[in-house]
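A.B. asks:
Protein chains in written order, with this note's numbering: chain A, 1 to 449; chain B, 450 to 898.
1) Tell me, please, whether the CB atom of residue 764(B) is closer than 8 Å to any CB atom in chain A?
2) Taking residue 45(A) as the query, report the chain C residues whose CB atoms sit under 7 Å from its CB, ordered along the chain.
3) Residue 366(A) CB to nearest chain B CB: under 8 Å?
4) Return the chain-ordered list of same chain residues with a C-beta closer than 8 Å to the C-beta of residue 471(B), the five sequence neighbours on each side being excluded.
5) Of all the alpha helix (DSSP H) runs that stay within the bounds of the stretch 601–678 of chain B, which reach a length of 4 or more residues?
6) Taking Cβ positions only, does residue 336(A) come closer than 8 Å to chain B?
7) By alpha-carbon positions, which one of 716(B), 842(B), 695(B) and 535(B) ends up nearest to residue 743(B)?
8) Mind listing the chain A neighbours of residue 868(B)? Cutoff is C-beta to C-beta under 8 Å, in chain order.
9) Assuming residue 735(B) and residue 563(B) make a contact with CB atoms under 8 Å, what is their CB distance in whole Å?
10) Beta-carbon separation of residue 154(A) and residue 226(A) under 8 Å?
11) Given that a residue counts as buried once 16 or more other Cβ atoms are within 10 Å of its Cβ, and exposed if not, what is residue 824(B)?
12) Using DSSP with H/G/I as helix, E/B as strand and the rest coil, what is residue 447(B)?
13) Tell me whether the beta-carbon of residue 776(B) lies closer than 8 Å to the beta-carbon of residue 425(A).
14) Three Cβ pairs or more, each shorter than 8 Å: is that satisfied between the stretch 347–355 of chain A and the stretch 183–194 of chain A?
15) Who are residue 845(B)'s beta bridge partners in DSSP?
16) Helix, strand or coil for residue 716(B) per DSSP?
17) Pull the bridge partners of residue 108(A) from the DSSP assignment, please.
18) Starting from residue 339(A), follow the beta strand (DSSP E) in both directions and report where the run begins and ends.
19) First and last residue of the beta strand (DSSP E) that includes residue 752(B)?
20) Give a yes or no on whether the minimum CB-CB distance between residue 776(B) and chain A is below 8 Å.
21) How big is the Cα-Cα spacing for residue 145(A) and residue 341(A)?
22) Under 7 Å between beta-carbons, which chain A residues line up against residue 875(B)? List them in chain order, please.
23) Leaving out five residues on either side along the sequence, give the residues of the same chain with a beta carbon under 7 Å from the beta carbon of residue 417(A).
24) Please list the segments of the alpha helix (DSSP H) lying wholly inside the stretch 504–580 of chain B, counting only runs of 4 or more residues, in order along the chain.
25) Excluding the 5 residues flanking residue 684(B) on each side, which residues of the same chain have their C-beta closer than 6 Å to its C-beta?
26) Would you say residue 176(A) touches the ligand ATP, meaning its beta carbon is less than 7 Å from a heavy atom?
27) Can you grab the Cα-Cα spacing for the pair residue 731(B) / residue 298(A), in whole Å?
28) Are the C-beta atoms of residue 143(A) and some chain B residue less than 8 Å apart?
29) Buried or exposed: which applies to residue 804(B), given that a residue is buried once 16 or more other Cβ atoms fall within 10 Å of its Cβ?
30) So, do the stretch 606–613 of chain B and the stretch 621–634 of chain B have three or more beta carbon pairs nearer to each other than 8 Å?
31) Apart from the five residues just before and just after residue 495(B), which ones in its own chain have a Cβ nearer than 7 Å to its Cβ?
32) Is there a C-beta anywhere in chain A that falls below 8 Å from the one on residue 472(B)?
33) Based on Cα-Cα distance, which residue from 110(A), 103(A), 99(A) and 74(A) lies nearest to residue 9(A)?
34) For residue 372(A), decide whether its Cβ has a neighbour in chain B, counting only Cβ atoms nearer than 8 Å.
35) Please confirm if residue 404(A) has its CB atom under 8 Å from at least one CB of chain B.
36) So, using beta-carbon positions, are residue 885(B) and residue 778(B) closer together than 8 Å?
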């Protein structure tokens with residue numbers, strides 16, 4: 001029987017996946033989870049759809065509540081408890097009970113840091129105005145939802161054209177609002193190449209989103225009552241009743257850093273493949289930790305639910321005495337804006353160039369379903385291939401119904417080290433309602449043959 | 450300049466893909482294609498959708514017409530010309546001009562046999578009744594379409610619960626017809642395992658298709674005018690205004706066999722990986738030829754458009770002096786019945802058992818999109834894994850919107866020799882409109898860990 005006491009900091013995907021795995025392996029072990037928010041194990045990725053009305057209630061976004069963890073898994077989850085200090089030497093954490101305003105020390109034998117990431121919020125004039133939101137916790141999603149319900153804002157401004165930007169633009173459009181999106185970059189979706197991102201720009205514009213690129217946020221203006229009045233950029237003043245900040249996230253790693261735990265890529269907590277930090281018996285997992293990138297072979301910071309879940313599982317196996325290694329990431333991601341589906345994996349052309357890899361990149365436009373089948377729409381596939389080895393390094397897809405999930409075929413091919421020829425050779429599924437006889441990912445691969 | 454004269458027998462996917470490839474590589478070479486039907490390069494797979502109304506006209510199913518091949522590619526395509534004898538010794542074929550009823554010998558230096566496959570039509574009382582159809586050539590699809598338009602049949606009987614059976618059942622339902630499907634097997638879709646096929650049975654029954662399994666076709670009954678009246682099985686008499694035979698296909702290999710060319714798997718033309726037959730300078734490609742199976746490492750006969758296209762490309766490269774090998778098949782296939790999507794790849798559990806492979810098989814039921822997202826529906830994934838090596842041997846998927854194309858991820862994993870653990874480790878795409886945080890194929894793979 002393992003009597004080592006485990007403390008977990010953070011009660012969302014990584015933390016609770018690890019805690020649950022450890023409980024299955026070690027039924028008797030003491031496990032305490034401190035979560036500073038009100039909720040555990042919720043789908044942050046689902047929040048834009050909850051706000052847009054594709055999810056019936058915020059309750060549905062919660063996979064498992066604290067009381068269920070306590071009763072069914074005997075995991076001592078304490079919400080509204082913030083860990084404010086880690087003391088590695090004495091193996092203890094200082095915890096603040098946010099409701100009772102009291103602090104106490106909790107000892108541990110093993111510690112898992114799963115503190116997540118936070119949206120980047122610029123230090124800027126009137127940033128505190130009511131109606132300016134960044135999506136982070138489930139509570140923040142509920143705040144946006146309630147604001148929309150109560151204030152019925154007509155004009156939305158979104159700062160940042162990434163995943164949150166796409167998804168919130170769709171959510172606001174579905175509420176018949178006027179939507180403006182600004183980004184300081186010359187393109188939407190920084191993780192895609194500009195040629196692919198421009199396809200998204202075209203569709204968004206068609207769908208009546210006013211997109212302003214190369215435009216920098218300068219400050220906000222508020223009404224006398226303290227609510228947001230307008231967004232001021234380096235080029236114009238945009239009236240706003242609600243503002244969403246989708247400017248990226250940063251890992252919540254200060255707590256670890258203050259305790260002398262080393263940080264790595266993008267200031268996320270440095271971990272090895274077993275998710276061990278620089279301090280013995282301290283582990284980190286999820287959005288606060290770095291990940292190994294399979295193509296670049298470097299540590300990167302990628303804050304995604306898929307990664308957090310895998311991190312949690314690997315940390316859980318190792319903390320409970322097993323031996324697992326995090327398999328690495330490709331930065332695979334997918335989203336949609338209305339009917340347009342968008343996905344990417346591995347290296348973009350831009351990234352390949354920055355890394356100095358000798359690559360070839362090709363883009364094809366095909367159709368899905370088959371061209372003669374009703375509802376056939378364009379699908380664009382871009383592949384990046386290593387010029388020497390012909391191995392596939394990355395892919396991007398922009399298209400309609402069923403287009404984007406094809407990125408999984410490319411991600412699998414990259415992981416397995418397949419060449420463009422080997423992708424052409426794959427026996428993929430064909431029937432007219434789904435594609436032409438050559439799947440679009442293979443049509444793209446054939447360009448390299 | 451290569452002056453070797455090429456004759457191709459058959460003007461559909463394999464033959465025309467090869468001819469086009471050779472033309473690109475060897476602009477000056479003489480290429481003659483003899484096609485006994487009226488059309489070239491059409492999508493046979495699209496016919497059920499043309500009949501069902503998802504394709505506007507039969508013209509749309511034709512990728513390229515004979516006159517286009519002649520004018521743009523200088524390929525001498527002769528429709529309504531049937532090759533009735535191959536003379537390997539003297540390197541010539543005897544050709545019958547079906548319009549002028551005259552025969553002639555045509556010499557060749559290289560010969561490609563791409564004669565396709567034909568539907569199995571049982572030798573049975575009243576099989577000649579009008580209103581009994583089997584889908585083979587584009588003309589046969591047009592015949593069904595015209596019959597429906599002119600006779601407006603109310604009651605359809607489909608013999609055979611495979612791909613054609615599924616697709617024609619959908620087509621008839623979309624025309625508000627009464628649909629009965631019989632199959633002598635104890636399950637639908639023989640290429641799937643019974644547990645997966647039973648999910649299809651349940652849905653088809655819900656959708657008002659009367660399905661009778663373990664029921665054997667005995668004969669037909671016709672009206673005094675010669676039209677179909679009923680289908681008689683070993684258990685009942687089923688009134689019918691139209692009958693579709695979907696009882697499988699057999700390779701058109703008699704012509705080759707009569708010339709002494711060796712047959713192999715399922716009486717298809719024996720070929721090596723370069724698609725050379727047993728006779729020098731004679732090649733075979735497409736539905737008339739066998740294919741190498743990547744998992745069983747045996748020759749099999751799989752008549753599918755994807756395979757025919759790849760065969761054609763490989764034969765074309767080799768005939769024009771290059772060196773390509775057919776990469777092999779997994780038997781990947783996909784279809785849908787109304788909203789239900791169905792796919793398979795590699796070995797089914799049944800096939801693994803028959804082969805004496807030590808395997809494990811597991812099936813999971815998950816959802817897609819994410820459970821909390823509107824329109825979330827069940828998806829069933831079955832994986833077959835080698836018990837010793839843990840490598841994935843096969844997969845089957847039954848589910849709704851976007852479910853079935855996920856088979857490509859499994860097919861890629863099988864081709865690359867991935868284990869169940871390596872599939873769990875893949876960085877696949879996740880966002881709530883597409884799936885839960887673990888893709889269903891990974892949830893299935895996790896069952897083996």
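Ideal Cβ positions, reconstructed from N, Cα and C, are used throughout, including at glycine.
C.D. replies: Looking at the coordinates:
1) Chain A contact via Cβ: absent.
2) The chain labelled as chain C is not found among the protein chains of the depicted structure, namely A and B.
3) no
4) 455, 478, 480, 765, 768 and 769
5) 612–623 and 643–655
6) yes
7) 842(B)
8) Correct list: empty, because the minimum Cβ distance to chain A is about 11 Å.
9) 5 Å
10) Not a contact, by the Cβ cut-off of 8 Å.
11) exposed
12) Any property of residue 447(B) remains undetermined from this structure, which presents chain B solely from 450 to 898.
13) Inclusion of residue 776(B) and residue 425(A) in the CB contact set at 8 Å is warranted, their separation being smaller than that value.
14) yes
15) For residue 845(B), which the question treats as bridged, DSSP gives the partners 793(B) and 831(B).
16) helix
17) Paired residue(s): none; residue 108(A) is not in a bridge.
18) Note, residue 339(A): premise wrong, no beta strand (DSSP E); not H, not E.
19) Residue 752(B) -> no beta strand (DSSP E), and no H or E assigned at all.
20) For residue 776(B), the nearest CB of chain A lies under 8 Å from its own CB, placing it at the interface with that chain.
21) About 24 Å.
22) 411, 412 and 415
23) 391
24) Runs found: 515–522.
25) 664
26) No copy of the ligand ATP appears in this structure; indeed no ligand is present at all.
27) 52 Å
28) Using a Cβ-Cβ cut-off of 8 Å, residue 143(A) does not count as an interface residue toward chain B, since no Cβ of chain B sits closer than that to its own.
29) exposed
30) yes
31) 504 and 510
32) no
33) 110(A)
34) yes
35) yes
36) no
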